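Engineer:
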Amino acid sequence: MSSALPSAEVALDFKESLQDLQMNNRYEISNLTIIAKENTEHAQAISRVLENHIRTAPPPRKLPALYVLDSIVKNVGTPYTVYLGRNLYSTFMDAYTLVDGQTRKNMEGMLKTWKEPVPGSMDARPVFQPEITRAIENALIKARTAAVHQQQQARTQRQPFALPPRPVASPATPWQNTSTPPQNSSRYAPPPIPDTYQAQYGYRSQQALSQQPAAQYLPRPNSTSTYSNTAYGQVPSPGRDLDMLNDDVARLILAAKTEFAASPYEIGVQQRLKALLDLQTILKGQTLSPESLAAIKAQVAQLSVALQQPPATAAPVVHSTPQPWQPPTPVAQVYQPPPPVSQPHQPPSNLQAPISFPPDILAQLLASASNGQVSTPVPQPALPARPSITLVSESTPTPVPALANGGSSLLDSLRAAGLLPATPEPAAAAPAPAPAPSTHPILPPYLPPQSQNHLQTIGTPPVRHAGLAPPGLAEMRMKISMTSAALKIPRRHIVALLYEAQPNQCTSCGRRFLATSEGREQKARHLDWHFRINQRIADSVNRGHNRSWYVDEMEWIRSRDPDESTMDPNASNDGHNKSAPAERKGPEDQYIPVPTEAALANVNCPICQENFEAVWHDEAQEWVWMDAVKVGGRIYHATCHAEVSNAGGGLVAGRVTPDSTLGKRKAEDELNDLRARLKKDVTAY
Amino acid sequence: MSILPGLGLSAPLAAPPPAQHQSSRVQELQAEAEWRFEVAFGASVKVKLLHGTAELFGTELAPKVTYTFAGTKAAIFTWHGCALEITGECESEYAAEETPMLMYLNVHAALDNMRKGSPTREGPRVLVVGKENAGKTSLVKLLTAYALKSGSRPTVLNLDPREGVLSIPGTLTCTTFASMLDIEDGWGSSPISGPTALPVKTPLVYHFPLESPEEDPKMFKPVATRMALAATSRLEEDPEAKEAGFIIDTPASVSSARGGYENIQHIVSEFSVNQILVLGSERLYNDLTRRFASAPSSKPADEAVNVVRLDVSGGCVERDRAFMKQVREAQIRAYFFGDVRNTLSPSTQVWDFEQLRILRVVDPTAALNPSFLPGDHSSTASSSLPIFESTLPSLQLQNQLLATKHADPADSHPAIRDATVMGFVYVADVDEAKKKVRLLAPSSARVEGRVVVGGSWPEGVGDLVA
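Line by line, the protein sequences give chains A and B.
Sequential numbering of the first sequence, starting at 1, is according to the numbering used here.
Sequential numbering of the second sequence, starting at 1001, is according to the numbering used here.
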């Protein structure tokens, strides 16, 4: 308790020094390491500050901060390895997704050293426990295999849209020359463009030119299908359409704002945000023809889908919000290819290699893509006023001819901001398939545009692959009626919702998480929780526990049974300095964790001689004694203590809030009142 | 959920001698097959998932984690194929490829659609009925586990007093599940004072000290009504729970035609059930369809009750009375002492006879009411016959379980009957000479001044405190 203040101070100090760290400065890093070494008793606070710093620092500053982490765990070791190890996965991966290729290489080098003992140390154990580093490695491998996977799927499905749809992290995409910032990508754009990338892209462009002439003007049905489902499937009224559209735009704006906050200097983000705000104004202020409404809507839908993919920092809001007329995120994942087992092209690449694909893979990818386009043109519902839905090959850096016909100035401005894909996504994604998945390390083959595509195939010959026969989400949503006959039809694709759609499995309890950034956060918290709970179980193994009393009706009705295993323990309390916030509350809200010492477990309040009642505290995530306060080594009822010390009772000068007992009574009265009411309700039967 | 013809009928073997050689073997399963196994009480079988995926009643096994089973009849199903490493002797085990899992999966998907597609954010309220050993509880577990996997938080209501959910037999419970079920322990654990490896679940527990609702519908109905009131209030307060809806498990006895399905009717109306899943029985299906689903025009669409018949798993096996008794004993033991992973230390309390006022449920089958009217409580009872009789501890009570209630001794009998349970105490010893009674209570907190209620169910457990 007494250490709370110094701990905060040290942490603040550390934080300030960290913020000064602009570049890879050996002196500063060793200085920070020394601070950490001298303050191991505040290791938890320091670790948290460091984690936060790595998470929030702009990409160029992440690497120096990671070097600080590296230096601390190697030179100081425990307890930092424990504290930092807990969130190492997210710390590392979150940074990894945002930095450029060179930094990634450095990070991978660092990761490699973590698997080994500290050089020159007597201790033969690796820096971090193998479980921790393995998880990160796996994620990196997954990211690579995912990329390969997308290729594979591209081939099996023989559809052009199977190209990695995700907006690309590299600024080196040819069409960027058109002054059209690529959507979603500017954020990741690292200032220096590694030579390897350029070489790669050069090569790829050639390939594209020679192999893909036929691909240029192929219709691109992704967004169309979304639209057609909406328009013809459910026949919403125009008003509702508009409402939904407004909602979506609002959501996109929120996402863009988040993004803007994260990287305020990115021009692409600024423009996008502005365009979205303009769009919102227009939507609200003007009446649009159904055609242009439809066009906007399709684009927004597409953008929403695109936005569902960006990494953790983007906008959890968007991830968690299924679009009204679209499959909720998990459902869209039904169509994931089976787990990346059969990889014909490329075995999981080794970790040391920088994340990029050899040119021949790219060539294959492009070849397959163009094959698909030639052989299987996907039927496209007729929608006259959709200007930009045209697939443009990467080799065509100029805007599409089709753009000219129906594009209003609004659409143009959207397009200029990269909102409307003047060059549609598949094309955008094709240039650099390798970096794309690496920005989403544990998002393996998550291909929303394809899913939409499947939606469309409901009406057309279904695409079947790898034993998964996805008749489409729409069918699943609409056709399963609760009749014996309908229930007898096997629908194996539903299994994917329970398994493949949630590829992120906890190894200790088997629980699965979505492959979204939200899912990753949840899993990180979940693993954290396992860690904490296992420690607490180990700590309390010799302490007698007992079954708690069952709750009564009022308590049960009010309880929310939060899933503690995925709750953010930091959301409400820092864990290590609980008493600090408690001081500012009324005494009846104060609590202390139930003491673990056996001698203290049954103590009475020295003032009223009554014992303390252990209750589960949702926020603190542990058993606590409410209305309790520890003063000078003894535990009192906070209300008793406040009362006595108020009256100048000679006890240790306390943190006092008057009117305490009144508050207590009041709360009890309220509860009793509710109980009485409930009783009345029942007896009325 | 495992069957060997004839085997289920014989009395369960006494705990077989511990396996001398703990050799492990590997059981390969094809996709959509299941491994059905029975483990006797006292024996234990360890199962580890080597590769592939596997689930036990919908709850997925973690890879490379060893699970220990004892005293169970269950099945491990795989959608994708798997290999299990099995250590220890099962009473019976075999792999089966015919399962109704695809059908159950469809049921889940349909319910999931109702949850997520509901414009009013109001989930389906599902009632599962069927004959003895049709796999009702297994289906409820499966649907609960799948709902949890899909991100819903269903409220499970157990109306079967023969087997407790997160509590002991002789109770009816409602629980809103937010965290995954326990592979080894069926449902999980109610809160204990220490940390648990899986999040605890908080049940709301009602006392129903009879084996079957049919024994005394006059007692069952008000308790069910009370439960429905609490559960519905919870849903009103908790949008997530509301979206997920109810899944209601019932004892087989309510599905017998003898009582004219009066209790089912009561449950359907009290819990506003709108989906009835009938496991197996054609006749039950037809009877219920006629009763609930035949007159759609008279009711608005949102109040319509849909009745659907589901196939019974071939793995369903009879659990004879002796086995069920062991299950109940295990549940009672676990209430006080925990399990291997969480050992609990109950407290022993010694009371004078006078300190302990026990209410016993009046036997509803007794034609006459021979009991003397308890002076303290009779006046406020609203029904003509008292529900409880007040007794002093006697040797009769030895080894019985008594419920401590969230009620005031001055409350009326109906109020006490409908009050929720705070906890259970076990009468370890009655010394009639010294007029002392020794109780086993979950914790050291005294039950003084509380209402303590006993009944005829569950039957006494002989050797709880040996």
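Ideal Cβ positions, reconstructed from N, Cα and C, are used throughout, including at glycine.
It should be emphasised that the depicted structure is a prediction, and the values quoted were computed from it without experimental measurement.
1) Could you tell me if Pro-490/A is buried or exposed, where buried requires 16 or more neighbouring beta carbons within 10 angstroms of its beta carbon?
2) So that I know if they touch, is there some Cβ in chain B lying closer than 8 Å to that of Pro-191/A?
3) Using C-beta distances below 6 Å, list every residue in its chain close to Arg-1321/B, excluding the 5 sequence neighbours before and after it, in chain order.
4) When the cut-off is 8 Å and only beta carbons count, does Val-624/A lie next to chain B?
5) Would you call the stretch 1448–1465 of chain B and the stretch 1419–1433 of chain B touching, i.e. three or more CB-CB distances under 8 Å?
6) Do three or more CB pairs link the stretch 1186–1196 of chain B to the stretch 1339–1355 of chain B at distances below 8 Å?
7) What does Pro-1203/B touch in chain A if you count any residue whose Cβ is under 7 Å from its own?
8) Could you tell me which residues DSSP pairs with Gly-1338/B in its beta bridges?
9) State yes or no: is the C-beta of Asn-687/A within less than 8 Å of the C-beta of Leu-497/A?
10) Please return the same chain residues whose Cβ sits closer than 8 Å to the Cβ of Ala-1083/B, not counting the five positions on each side in sequence.
11) Could you confirm whether any beta carbon from chain A is found closer than 8 Å to the beta carbon of Thr-1380/B?
12) Show which residues of chain A have a CB atom less than 7 Å away from the CB atom of Asp-1238/B.
13) Would Arg-1357/B count as contacting chain A if we go by Cβ distances under 8 Å?
14) Can you find the residues in the same chain that come closer than 6 Å, C-beta to C-beta, to Gly-519/A, ignoring five residues on each side of it along the sequence?
15) Tell me the rounded alpha-carbon separation between Arg-525/A and Thr-507/A.
16) Which residue from Ser-1179/B, Asp-1160/B and Met-1180/B puts its Cα closest to that of Ser-1212/B?
17) Output yes or no for whether 8 Å exceeds the beta carbon distance between Ala-1230/B and Glu-555/A.
18) Span of the alpha helix (DSSP H) holding Leu-1284/B?
19) When the Cα atoms are used, what is the spatial distance from Gln-1349/B to Val-1362/B?
20) If Ile-557/A and Arg-1234/B are in contact, beta carbons under 8 Å, what's the gap, nearest whole angstrom?
21) Within 10 Å of its beta-carbon, does Ala-1257/B have 16 or more other beta-carbons around it, so buried, or fewer, so exposed?
22) Mark Ser-1023/B as exposed unless 16 or more other C-beta atoms lie within 10 angstroms of its C-beta, in which case mark it buried.
23) Can a CB atom of chain B be found closer than 8 Å to the CB of Cys-605/A?
24) Identify every residue that forms a DSSP beta bridge with Tyr-83/A.
25) Excluding the 5 residues flanking Ala-312/A on each side, which residues of the same chain have their C-beta closer than 6 Å to its C-beta?
26) Could you tell me whether the Cβ atoms of Arg-86/A and Tyr-96/A are closer together than 8 Å?
27) Just tell me which of Phe-1057/B, Leu-1061/B and Ala-1033/B has its CA closest to the CA of Lys-1489/B.
28) Check whether the Cβ atoms of Pro-1199/B and Asp-563/A sit closer than 8 Å, and answer yes or no.
29) In this structure, does DSSP put Lys-142/A in helix, strand or coil?
30) Any idea what DSSP makes of His-530/A, helix, strand or coil?
31) What first and last residue would you give for the alpha helix (DSSP H) that runs through Lys-62/A?
32) Could you confirm whether any beta carbon from chain A is found closer than 8 Å to the beta carbon of His-1377/B?
33) Please list the partners that Val-1065/B has in chain A, where partner means a Cβ-to-Cβ separation under 9 Å.
34) Expressed to the nearest angstrom, what Euclidean distance is found between the alpha-carbon atoms of Pro-130/A and Lys-1149/B?
35) Check this for me: beta carbons of Asn-1263/B and Glu-1184/B, under 8 Å apart or not?
36) Would you mind stating whether Val-1308/B and Leu-1277/B have Cβ atoms separated by less than 8 Å?
Structural biologist: A quick look at the data gives this:
1) A residue is called buried when at least 16 other Cβ atoms come within 10 angstroms of its Cβ; Pro-490/A does not meet this threshold and is exposed.
2) Caution is warranted here: a pLDDT of 43 is assigned to Pro-191/A, below 50, making its placement in the model unreliable, and the coordinate value is therefore given only provisionally. No, no contact with chain B.
3) Result list for Arg-1321/B: empty, nothing under 6 Å.
4) no
5) Counting Cβ pairs under 8 Å, three or more are found: they touch.
6) yes
7) Tyr-550
8) Gly-1338/B is bridged to Thr-1343/B.
9) Past the boundaries of the shown model lies residue 687/A; chain A is included only from 1 to 685, so the question cannot be answered.
10) So the qualifying residues of the chain are Val-1026, Gln-1027, Glu-1028, Leu-1029, Leu-1049, Leu-1050, His-1051 and Gly-1052.
11) Per-residue confidence for Thr-1380/B stands at a pLDDT of 40, beneath the threshold of 50, marking its modelled position as unreliable; the derived number appears in the next sentence. Not an interface residue.
12) Arg-560
13) At a cut-off of 8 Å between beta-carbon atoms, Arg-1357/B makes no contact with chain A.
14) Asn-504 and Phe-513
15) 14 Å
16) Asp-1160/B
17) The Cβ atoms of Ala-1230/B and Glu-555/A do not sit closer than 8 Å to each other.
18) 1282–1288
19) Rounded to whole angstroms, Gln-1349/B to Val-1362/B spans 27 Å at the Cα level.
20) Correct: roughly 5 Å between the Cβ atoms.
21) It is exposed - the Cβ of Ala-1257/B has fewer than 16 other Cβ atoms within 10 Å.
22) Under this definition Ser-1023/B is an exposed residue.
23) no
24) Bridge partners of Tyr-83/A according to DSSP: none are assigned.
25) Note on Ala-312/A: pLDDT 38, under 50, position unreliable in the model; the coordinate value appears next. Excluding residues within five positions, the ones whose Cβ falls inside 6 Å are Asp-94 and Ser-517.
26) Contact flag unset, no.
27) Nothing can be reported for residue 1489/B, as the shown portion of chain B is limited to 1001 through 1466.
28) yes
29) helix
30) helix
31) 59–75
32) Residue confidence for His-1377/B is low, a pLDDT of 44 falling below 50, so the modelled location carries little weight; the figure read from the coordinates is stated next. Taking Cβ atoms only, chain A never reaches closer than 8 Å to His-1377/B, which makes this a no.
33) Thr-507, Ser-508, Cys-509 and Gly-510
34) 29 Å
35) Taking 8 Å as the cut-off, the beta carbon of Asn-1263/B is found no closer than this to the beta carbon of Glu-1184/B.
36) If you check the CB distance, Val-1308/B and Leu-1277/B come in under 8 Å.
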